[in-house]
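*Asks:* The structure that follows is given in the form of structure tokens.
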Amino acid sequence: MSNIVIVCVEDEPDVLDAVIREVEPLEDLFVVEAAENSAEARQLLETIRSRGDEIGVIFCDHIMPGETGVDFLISLQQEEHWRSTRKVLLTGQAGLDATVKAVNQAELAHYIAKPWEANEVLEVARRELAFYLKARDINPLPYLRHLEVSLIEDLMRKHLSADR
Amino acid sequence: MNGPVKKILGLILGVGALCILPFCHLEGLSPAGHITLGIFVFAAIFWITEPIPIYVTSLSVIFFQVLLLSDQSLFLGTLTRLSDGEYVAPKYQNFYATLAHPILILFLGGFSLAKAAEKFALDRNLTRILLKPFGSSPTRVALGVMLVTGILSAFMSNTATTAMMMTVALPIVAKVPAGDPFRRLVALSIPVGANIGGIATPIGTPPNAVAIAALTKQGTPVPFSTWMMIATPLVVLALVISWVGMCKMFPPKLERFELTIEGQFKKSPRAFALYIIFALTVGLWVTEKIHHIPSAVIAFLPMVLLPAFGILDKQDIRSHAWEVLWLVAGGISLGISLKSTGLAEWMIGQVSWDVFSPFMLILLFALVGFAVGNLISHTVSATILVPIAIAMLAPDIEAGPAAMIIPIAVIGIIVSFAMILPISTPPNAIALSTGLIETKDLAKAGWLVGAVGIILTLLFGLFVWPILL
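Taken in order, these protein sequences are the chains called A and B.
The first sequence lines up with residues 303 to 466 when you count with the numbering used here.
The second sequence lines up with residues 21 to 489 when you count with the numbering used here.
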């Protein structure tokens, strides 16, 4: 079975740490990886792809050295391989135009404004992972403890093994 | 032994048994009996070690019977010659017909009702209503969860019931502080209720079908209501005693707990049609003793009416657990050859079991059934053990239907109490995956349920069923 990865892209080390700390409780079932800019993230994506793993959700800052977060997410959306990955923008500085662009062209799943509330990233991660499993039609049972069951009831039913 | 090694070993031993046993010369066993023995041993090894899915093993059993033992046998001439014309090969249709055995039609009726109930949230709404009287004392809420899960799983599959109850209860229970054993109590009440509840009716869980099909073949059919009469009181008692024990193991810390579920009965014309069809079918099933229409005949009522009213569509029909029916069918089909080739009779003659009293034998089967049921599929455990039990207890058949029904029902029922390990039953696996309980919690509850189940079933078999039957 391939691993499902949570990717965090953020140039400020403190913020990156905070994001990673929030999703830490998910680490027993999901893999958490980090990158400091989009170039580094691209390399990371290649490694993940070559391992045969998939990315469930990606949290991405907007203003970073080099390519912006929104442009990076749009380029992901254009690749078949990362299309169902849930894309979350985590920023305080993305203007309306950039955000609209992200919604329209990267099918942005969620927008988290900095500074975020305690546990907001974790909650969003949980929910987006549930949507990811649904989109990819993955048996949710192994991940049940981290998912909100009301979101995946149908999926659960579909993958239910019968009495034996 | 780890997975791949077990599978490869099983593959070699199973295929070996199938290839070698037909060519052995066992004293007093017919040539066709040798072939049946080969298929039986092959199936048992494959069902236990699972080199292929268990339902595929069942299908291959039917296939081998058709290819080797039916009137279409590849070796029909040889078989007839070797047995001096004594072996009458059954028509190949007889083996295929097991796929539509009346008990499996009964299950299909149950599947249809369950699917429709799920689709129209009848299961959820019944849960909501039935849980209300249990109030807000935590231990009583746990009893409610356990009993309601039990009631639903008597008519729906144990797995589907567990999944539904989990989705209803989890979000609410997750709000209880993590250190409170109440979380574990409720999370365990669901698989315990589902596994035990399945015993209550013939359609509750597949091992019941194995027992009933075997009894029907022995000439002692068990009507729906008769099964309920012997099984339901046992189930209720087992649930209540398990609840008492589990409340001691996981005493809740909080004082009050409200388990309120949002929802409303659907009121569309189709929903009402479903309620009527549901009530009618179940009503006719439990009154089989009065009107004498076999439950498998009644089972066609929901199968016809639910799609006729557009309550179920072809997608729903495709989503039935057909493989479960095939799994059971393989065992039923094997039963045909056990009898027609004289293998069953030969098995009886092999060992002198007179040294054991019938009670000791039943006790032995109960313990073996429980042990095996924890490790492999409940249905398979019953499928392998029931024919052996019939062979060993055969002399008692003369003693009337009760003497036949009791040992077989004991085996069919006790395997359902086997739930110590995560792999023992799918409801266990679901409960564990919620993260609310650990394997050791499951083991604790499993041992309790197992002890309660074995003792109660034996007591019922000894003292209660002889009066009822």
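Using N, Cα and C, we set each Cβ at its ideal position, and we do this for glycine too.
Using a Cβ-Cβ cut-off of 7 Å, state whether B/V344 counts as contacting chain A.
*Replies:* With 7 Å as the cut-off, B/V344 counts as an interface residue toward chain A.
*Asks:* Report yes if the CB atom of B/S132 is closer than 7 Å to the CB atom of B/P322, and no otherwise.
*Replies:* In this structure, B/P322 lies closer than 7 Å to B/S132 by Cβ.
*Asks:* Output needed for B/V306: all residues of its chain with C-beta closer than 7 Å, excluding positions within five of it in sequence on either side, in chain order.
*Replies:* Once the five neighbours on either side are set aside, the close Cβ partners of B/V306 are F244, S245 and M248.
*Asks:* Please compile the residues from chain A whose C-beta is within a distance smaller than 7 Å of the C-beta of B/N394.
*Replies:* Result: empty, since nearest Cβ-Cβ is about 13 Å, beyond 7 Å.
*Asks:* Going by the CB atoms, is the gap between B/L205 and B/A162 shorter than 7 Å?
*Replies:* Going by C-beta atoms, B/A162 is nearer than 7 Å to B/L205.
*Asks:* Provide the residue span of the beta strand (DSSP E) that contains B/V196, from first to last.
*Replies:* B/V196 -> no beta strand (DSSP E), and no H or E assigned at all.
*Asks:* Starting from the C-beta of B/S103, find all residues in its chain whose C-beta is less than 8 Å away, skip the five residues before and the five after it, and write them out in chain order.
*Replies:* These residues qualify, in order along the chain: S50, P51 and A52.
*Asks:* Output yes or no for whether 7 Å exceeds the beta carbon distance between B/L124 and B/I223.
*Replies:* Not a contact, by the Cβ cut-off of 7 Å.
*Asks:* Got a sec? Which residues, its chain only, sit under 7 Å from B/L452 by beta carbon, not counting five neighbours each side?
*Replies:* Closer than 7 Å at the Cβ level, and outside the excluded window around B/L452, lie P442, T459 and L462.
*Asks:* Taking B/A180 as the query, report the chain A residues whose CB atoms sit under 8 Å from its CB, ordered along the chain.
*Replies:* Within 8 Å Cβ-Cβ: R459 and L462.
*Asks:* Within the 7 Å Cβ cut-off, does B/G455 reach chain A?
*Replies:* Output row for B/G455: interface = yes.
*Asks:* Drop a sphere of 10 angstroms on the beta-carbon of B/M439, count the other beta-carbons inside from all chains shown, and report buried for 16 or more, exposed for fewer.
*Replies:* Label assigned to B/M439: buried.
*Asks:* Could you give the residue range of the alpha helix (DSSP H) that holds B/G30?
*Replies:* G23 to I40 is the span of the alpha helix (DSSP H), which, as asked, contains B/G30.
*Asks:* Taking all protein chains shown into account, decide if B/P158 is buried (16 or more other Cβ within 10 angstroms of its Cβ) or exposed.
*Replies:* Per the 10 Å Cβ criterion, buried.
*Asks:* Sort B/A233, B/S173 and B/L57 by Cα distance to B/L119 and report the nearest one.
*Replies:* Of B/A233, B/S173 and B/L57, the residue nearest in Cα terms is B/A233.
*Asks:* Would you please verify whether the beta carbon of B/T280 is less than 7 Å from any beta carbon of chain A?
*Replies:* Taking Cβ atoms only, chain A never reaches closer than 7 Å to B/T280, which makes this a no.
*Asks:* Out of curiosity, what's the CA-to-CA distance linking B/V188 and B/A291?
*Replies:* Computed Cα separation, rounded: 21 Å.
*Asks:* Near B/F115, what residues of its chain come up, given a Cβ to Cβ distance below 7 Å and the 5 sequence neighbours on each side ignored?
*Replies:* Excluding residues within five positions, the ones whose Cβ falls inside 7 Å are I82, Q85, V86, S90, S353 and I356.
*Asks:* Is it a yes or a no for the stretch 379-388 of chain B touching the stretch 260-272 of chain B, going by three-plus beta-carbon pairs under 8 Å?
*Replies:* In short, these stretches do not touch, since the Cβ pair count stays below three.
*Asks:* In chain order, what residues of the same chain have a beta carbon less than 8 Å from the beta carbon of A/I322, not counting five sequence neighbours either side?
*Replies:* These residues qualify, in order along the chain: C310, V334 and A336.
*Asks:* What is the DSSP secondary structure of B/V242, counted as helix, strand or coil?
*Replies:* Coil, per DSSP.
*Asks:* Which of helix, strand or coil does DSSP assign to A/K389?
*Replies:* Reduced to three states, the DSSP call for A/K389 is strand.
*Asks:* Under 7 Å, Cβ to Cβ, is there at least one residue of chain B near A/R466?
*Replies:* Chain B, which has a Cβ nearer than 7 Å to the Cβ of A/R466, makes this yes.
*Asks:* Enumerate in chain order the residues of its own chain whose CB-to-CB distance from A/L453 is below 6 Å, with the five nearest sequence positions on each side excluded.
*Replies:* Hits under 6 Å: A432.
*Asks:* Identify the residues that DSSP records as bridge partners of A/A337: which are they?
*Replies:* Paired residue(s): A/V311.
*Asks:* Name, please, each residue of chain B whose Cβ falls closer than 9 Å to the Cβ of A/R428.
*Replies:* Per Cβ cutoff of 9 Å: no residues; A/R428 is ~12 Å from chain B at best.
*Asks:* Who pairs with A/C362 in a beta bridge, going by DSSP?
*Replies:* Paired residues: A/V311 and A/L391.
*Asks:* Classify B/E308 as helix, strand or coil using the three-state DSSP reduction.
*Replies:* Correct three-state label for B/E308: helix.
*Asks:* Per the contact definition of three or more C-beta pairs closer than 8 Å, is the stretch 56-76 of chain B in contact with the stretch 27-34 of chain B?
*Replies:* Taking 8 Å as the limit for Cβ pairs, the verdict is that the stretch 56-76 of chain B does touch the stretch 27-34 of chain B.
*Asks:* Using the Cβ count rule (16 or more neighbours within 10 Å means buried), how would you classify B/P227?
*Replies:* The residue in question, B/P227, is buried, as its Cβ has 16 or more Cβ neighbours within 10 Å.
*Asks:* According to DSSP, which residues form a beta bridge with A/E356?
*Replies:* Paired residue(s): A/I306.
*Asks:* Is DSSP giving A/H448 helix, strand or coil here?
*Replies:* Three-state result, A/H448: helix.
*Asks:* Looking only at its chain, what residues have a beta carbon closer than 6 Å to the beta carbon of B/K490, apart from the 5 residues adjacent to it on each side?
*Replies:* Outside the displayed span of chain B (21 to 489) sits residue 490 of chain B, for which this structure offers no information.
*Asks:* At least one CB of chain B closer than 7 Å to the CB of A/L449: is that the case?
*Replies:* No, A/L449 lies away from the interface with chain B (no Cβ there is under 7 Å from its Cβ).
*Asks:* According to DSSP, what are the bridge partners of A/A320?
*Replies:* Note: A/A320 sits in no beta bridge, so no partner.
*Asks:* Grab me the residues of A/A437's own chain with a C-beta within less than 7 Å of its C-beta, minus the 5 sequence neighbours each way, in chain order.
*Replies:* So the qualifying residues of the chain are S386.
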